[in-house]
Structures are given as structure tokens and as C-alpha cells.
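For reference, each letter of the sequence shown is one residue, going 20 to 542 in the numbering used here.
Structure record follows, encoded as C-alpha cells.
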Amino acid sequence: MLRGWRGVMGTTAVTGIALAGFLAGWGDAPAAQHQPGGLRVHNGWLCHGDDLVWGWIQHNGWWRPGQRPNLCRRSVGDPEGDVRPNRTEDLDQLTDNMLRYGYPGFEHNYGLWFDRRRDAHDTGPRESADVAPPFLEQPWARSQEGRAADGLPRYDLTRFNDWYFGRLEEFASLCDRKGTVLFHCYYMQHALLETQAHYVDFPWRPGNCVQDTGMPDQNPAANAFYDISDPTRRDLHRLYIRRCLRSLGQYRNVVHQVSQEYTGGREFVEFWLDTLMEWQRETGQHILVSLGAPKDVTDAILADPTREPAIDVLDLRCWHINRAGELVAIPGGQEIPGRYIASGSQQSQDSSPQWIYRKTRVYRDAYPDKAIMDAVGQSREQTWASFMAGGSMVVAGQIEYPGQIDPPEYVQPAGVEEILPTYRFIRERLSRELPGMAPADIVLSDADSVWCLAHPDGTLLAYTLLGEPIRLTVPGGDAPLTARWLDPRTGELLEAGEAEPGSTVEASPPGDGDWALWLSPRG
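Below is the structure:
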């Protein structure tokens with residue numbers, strides 16, 4: 020425990036460690052190092068400059084001292100070291116690890132609560148300020164008034180935590196330079212639903228802040244939080260959104276998202292979008308915006324001619340098709356916790372790769388200028404299904420290190436071996452070709468489990484989910500094509516002969532299970 024909380028700029032001492040400026044800035048973020056071009060959407064793919072950015076997106080940890088990284092976790096007094104994986108992250112080493120091991124995207128939202136005492140999921144107010152690190156810093160700053168439910172001074176929702184935003188700026192700067200991507204969720208809906216333990220320390224809850232937010236004392240609180248007809252909440256939301264833009268709007272490799280697990284209604288997403296659009300008009304800067312919401316909300320906004328052009332990325336997590344072929348899509352605004360319909364948890368369990376392909380393909384064909392992201396769990400076959408339908412990246416959940424242990428150094432996370440051979444193949448062989456490729460209906464064999472991506476220059480990538488023969492018509496071109504089999508389990512490439520433009524190719528994979536056939540112009 021850390022004892023003796025002493026106000027907004029106070030010092031807390033523990034075992035000789037002084038914590039000055041506990042709430043305010045922890046030093047300035049480094050200057051942005053922008054790469055020419057930066058992140059953009061080209062032909063429905065996320066690209067950094069001319070190279071495809073593809074792979075898994077890691078979602079951050081919401082609570083606990085470790086197990087999963089959080090960009091704004093601050094470790095203090097850890098005998099094994101404060102700056103290490105799953106404590107205070109070394110952001111430079113973390114981004115290197117992301118590039119090395121196939122998860123170049125990081126999805127961030129603020130944590131469920133500030134200090135570890137709430138890890139027990141109890142709901143009572145704290146009688147002391149004896150906080151337990153590591154801390155999940157919140158975006159809002161504390162005042163010097165009153166006592167919040169966590170025993171610390173109440174938040175002032177008009178002031179912001181410079182350390183929190185400095186960390187995001189540092190990470191975004193590294194993403195700009197290296198080609199990784201920050202998917203920034205402005206809000207954390209998980210705090211507003213499901214159990215009172217999630218909500219008790221939430222900064223906007225009555226008694227936790229100096230403002231009269233009009234929020235309920237008990238959850239569910241999502242609809243009240245999203246109700247921008249209340250002028251106080253509307254102004255506080257707008258102030259916070261613009262504070263996020265002040266820090267992150269200058270960086271190119273940031274994708275802006277409304278919330279983790281958003282299941283709210285249309286009006287709040289429209290308000291959030293309008294605030295982003297207003298800021299872009301004022302500053303002349305362009306940001307990448309992702310639309311992630313229930314299907315009815317998503318479809319309504321895509322049908323809006325004033326807001327649809329502001330969307331760069333479509334996040335399809337809020338609905339899926341189950342193995343019986345039934346659409347599972349709850350309406351927005353029903354205050355249903357997102358874990359039951361979003362984040363890939365239900366889709367990965369209830370949906371097949373074939374249905375993931377079909378769902379993705381519908382939106383890829385309808386909106387070819389927008390990148391598609393989804394969440395499918397840590398499954399190679401489901402990841403390939405999304406990819407072959409034109410899906411740009413997939414959220415693989417909260418990626419952990421082996422044994423759920425926090426290692427002293429950055430190592431290969433658990434589960435990435437499922438996708439790492441494919442990730443390395445794409446980076447080394449197809450990162451410049453794939454941005455020009457798109458799903459193509461040239462497969463003559465069973466289209467329900469054999470899919471193809473094609474480039475105008477003749478490059479093809481076909482995938483057989485069940486190990487069935489691949490039979491397809493090779494588009495016309497100028498040069499013969501070299502054919503090679505890719506084993507997605509190992510990354511091994513096996514020669515498969517040649518194909519002439521305009522010919523029909525039929526090839527049986529060299530082994531059981533899923534395989535990919537790569538055809539590229541010779542020479």
C-alpha cells in the first residue's frame with residue numbers, strides 16, 4: 020500500500036520512494052517523429068506509406084496488476100522493477116515486440132479503476148487513501164476537494180491528467196515512426212454496465228467528481244452517460260473529446276474509436292463524429308476514424324451522406340452470424356454489456372470461418388474505400404477468413420505472455436504462433452502487392468471454403484480452408500505466373516509449377532488442413 024495521499028500536487032512516500040506530481044504531468048512527451056505518408060486507407064487496406072499493415076490487434080488490460088499491457092499503467096515500488104512488461108511499459112520495446120511477433124496494432128482504453136484495491140470487485144467506499152499500485156491512470160485529473168469512492172480527492176472533469184496523455188502521445192509518436200498502429204478508444208463502456216464494482220470508482224459517478232453530472236448512483240449507467248441532451252454532460256464530453264484530439268490528432272498512425280464494447284445508440288456516435296469533424300475543419304488536419312457500433316447504428320450512419328465520408332474504418336465486432344446462419348445483432352441503446360456480443364468473444368465461439376468471410380465480404384464490397392476490422396479470437400482459420408474477404412486487421416483480444424506470467428523482458432506472447440508464419444510471409448513477400456489486391460470471384464471450386472485475392476498485375480493468393488483442391492481461372496496478363504504453396508502453420512513455401520494467363524488452374528494442397536496458393540508474375 021502507498022500511504023498518505025496529499026492532494027493534487029502532493030508527495031506520497033513509500034520505502035524511500037517519493038512520488039512527486041502524482042496527478043499532473045510526468046514529463047513532456049517526446050516530439051512527434053512523423054514518417055512521410057503515415058497510415059492511410061488504400062483500396063480498403065490499412066497501409067503505412069506504401070506497405071500493408073496487417074496482423075493482430077492487441078487489446079489492453081482493464082484491471083489487475085499485470086497479465087496484459089496497458090499504456091497508462093504506472094508501476095511504483097515494484098521490487099522486480101517498475102519499467103517492464105505489464106507494469107510501466109517500455110513503449111519503445113513494446114512497439115518493437117509488436118512488429119516482431121505479428122500484432123502491430125494496439126487498442127487502448129482507460130482502465131476500470133485507478134488502484135488495485137478494487138481488483139476484488141467489491142463496491143464499498145474506501146475509508147483511506149492507502150492506494151495499491153500499479154495504478155491505471157485515468158484521463159481526468161483530481162481536484163483538491165472531497166473524497167471519491169476510492170478514498171482519493173474527487174476528479175475535476177474539466178482538467179486532465181498530463182501523464183496519461185503524455186504516454187499516449189509517446190506511443191503514437193513511436194507508431195508514426197515504426198508503422199505500428201494505436202487504436203484509441205475514447206471511452207470504456209465496461210465501467211457503465213454489468214456490475215456495480217465496475218462503476219463504483221468511475222470518475223463521472225456522483226460523488227467521484229466536483230461537477231454535477233446527473234449520472235445515476237447505480238449502474239446500468241450507459242444510456243445516461245451517452246445522453247447528450249443534458250447540457251452539462253454534453254459540454255464535458257465535448258471538452259474531453261477535444262482534449263484527446265489535442266494530444267492525438269497530430270499523429271498519423273492513430274485510429275480514433277468511440278468506445279470499447281460500444282452498444283449505445285445512434286445519437287451519441289453522431290455527436291462524437293460531429294465533434295471530430297468540427298475539429299478537423301478548424302485545424303485542417305485529417306484523422307482516421309473507425310465506426311464501431313451495433314449494426315443498426317452502423318448502417319444508419321453509413322446511410323447518412325454527411326457523416327459516411329468521415330468514416331475510414333468499419334469495425335464489425337458488434338454482430339456476427341452464428342453457425343446456424345442466424346444474424347446475432349442487438350439494437351443500439353439496450354444497455355447490453357458488450358462482452359456478450361462484441362470483442363470477438365461470441366463470434367469466435369459461435370461463428371464459423373465461412374460466416375466470418377461472408378459477413379466481412381458484404382461490407383468490403385459495399386464500402387471498398389474503407390478498411391475492415393473485426394475480432395475473431397486467436398484462431399488462424401478465422402483470421403484467414405477475415406483476411407481473404409478483404410479484412411484489414413483483426414482484434415485478437417488481450418494477448419498474454421506464456422503462462423500468464425509477467426516476464427522481466429519482452430518475449431514472444433502466447434498464441435501468436437497461430438498467425439506469425441502468415442504475418443512474416445506477408446511482410447516479406449506481399450506487403451507492397453496486397454494494397455492493390457481485392458477479393459475476386461474467380462474460384463471455380465467450392466466457393467464456401469476456397470477464396471481468392473487478386474491483383475491487376477496477375478498476382479493471386481488463394482486459400483483453401485478445408486484442404487480441398489483449388490480450381491480457378493487465372494486472369495489475363497502479360498507474363499506466366501509462378502505458383503507456390505504456403506503452409507500457414509510453418510510459413511514454408513513449396514514449388515507448385517507455373518500457370519499461364521487466362522488458363523484454368525487446378526491444384527491439390529500437399530497436406531491436410533488449410534493451405535494457401537500464391538501465384539506471382541515470373542521475373
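Just so it is clear, CB atoms sit at the ideal spot from N, CA and C, and this is done for glycine as well.
The structure presented is a predicted model; accordingly, all values stated were derived computationally and were not measured.
Practice problem: From the DSSP output, in three-state form, read off E213 for me. | Solution: coil
Practice problem: May I ask you to verify whether the stretch 175–192 touches the stretch 262–269, counting CB pairs closer than 8 Å and requiring at least 3? | Solution: yes
Quiz item: For the beta strand (DSSP E) that S468 lies in, which residues bound it at each end?
Solution: No beta strand (DSSP E) holds S468; DSSP gives it neither H nor E.
Quiz item: Can we say the stretch 111–128 touches the stretch 149–167, given the rule of at least three CB pairs closer than 8 Å?
Solution: no
Exercise. Per DSSP, which residues does T483 bridge with? Please list them.
Key: V469, W534
Exercise. May I ask you to verify whether the stretch 278–287 touches the stretch 243–253, counting CB pairs closer than 8 Å and requiring at least 3?
Key: yes
Quiz item: Which full runs of the alpha helix (DSSP H) of 4+ residues lie inside the stretch 232–256, going along the chain?
Solution: 241–245
Quiz item: Which residue spans inside the stretch 55–100 form an unbroken beta strand (DSSP E) run of at least 3?
Solution: 58–61, 64–67, 75–78
Quiz prompt | L512 (DSSP reduced to helix, strand or coil) | solution = strand
Self-check item: Contiguous beta strand (DSSP E) assignments of at least 3 residues, all confined to the stretch 268–321
Solution: 273–279, 307–311
Quiz item: What's the call for Y252, buried or exposed, on a 16-neighbour Cβ count within 10 Å?
Solution: It should be noted that the sequence gives Arg, not Tyr, for residue 252. R252 comes out buried.
Practice problem: Count the other CB atoms, across all protein chains shown, that sit within 10 Å of the CB of G311; report buried if there are 16 or more and exposed otherwise. | Solution: buried
Exercise. Pick out whichever of D467, S539, D506 has its Cα sitting closest to the Cα of P494.
Key: S539
Quiz prompt | S405 and G63 closer than 8 Å at C-beta | solution = no
Quiz item: Is M207 helix, strand or coil when you go by DSSP?
Solution: strand
Self-check item: Length of the line joining the Cα atoms of A191 and L58
Solution: 11 Å
Quiz item: From A106 to G96, what distance separates their C-alpha atoms?
Solution: The question names Ala, but residue 106 is Arg in the sequence shown. Approximately 11 Å, taken between the alpha carbons.
Quiz item: Quick one, are the C-beta atoms of T501 and R446 less than 8 Å apart?
Solution: no
Practice problem: Return the chain-ordered list of same chain residues with a C-beta closer than 7 Å to the C-beta of W81, the five sequence neighbours on each side being excluded. | Solution: G130, L131, H209
Practice problem: List the DSSP bridge partners of F125. | Solution: Q77, L201
Practice problem: Report yes if the C-beta distance between A329 and L295 is below 8 Å; otherwise report no. | Solution: yes
Quiz prompt | Identity of the residue in P475, R261, V462, G477 nearest A526 by Cα | solution = V462
Exercise. Take I391 as the anchor and find which of A319, S398, I375, Q397 has the nearest alpha-carbon.
Key: I375
Quiz prompt | Environment of S522 [buried if 16+ CB atoms lie within 10 Å] | solution = exposed
Quiz item: On the premise that T379 lies in contact with V408, defined as a C-beta separation below 8 Å, what is that separation, rounded to the nearest angstrom?
Solution: The amino acid occupying residue 408 in the given sequence is Ala; Val does not appear at that position. Yes, they are in contact, since the Cβ atoms of A408 and T379 sit about 4 Å apart, within 8 Å.
Practice problem: From the DSSP output, read off the bridge partner residues of D497. | Solution: BP columns for D497 are empty, so no partner.
Quiz item: Since G351 contacts V381 with CB under 8 Å, what's their CB separation in whole angstroms?
Solution: Incorrect: roughly 19 Å between the Cβ atoms, too far for contact.
Quiz item: Touch check for the stretch 194–204 and the stretch 63–78: three-plus C-beta pairs under 8 Å?
Solution: yes
Quiz item: When we look at the beta-carbon of H275 and count the other beta-carbons within 10 Å, is it buried (16 or more) or exposed?
Solution: buried
Quiz item: Taking DSSP as the reference, what is the three-state secondary structure of W504?
Solution: strand
Quiz item: Nearest CA to the CA of L118: which residue from M456, G486, P84, L71?
Solution: L71
Self-check item: Distance between K389 and L333 (C-alpha atoms, nearest Å)
Solution: 7 Å
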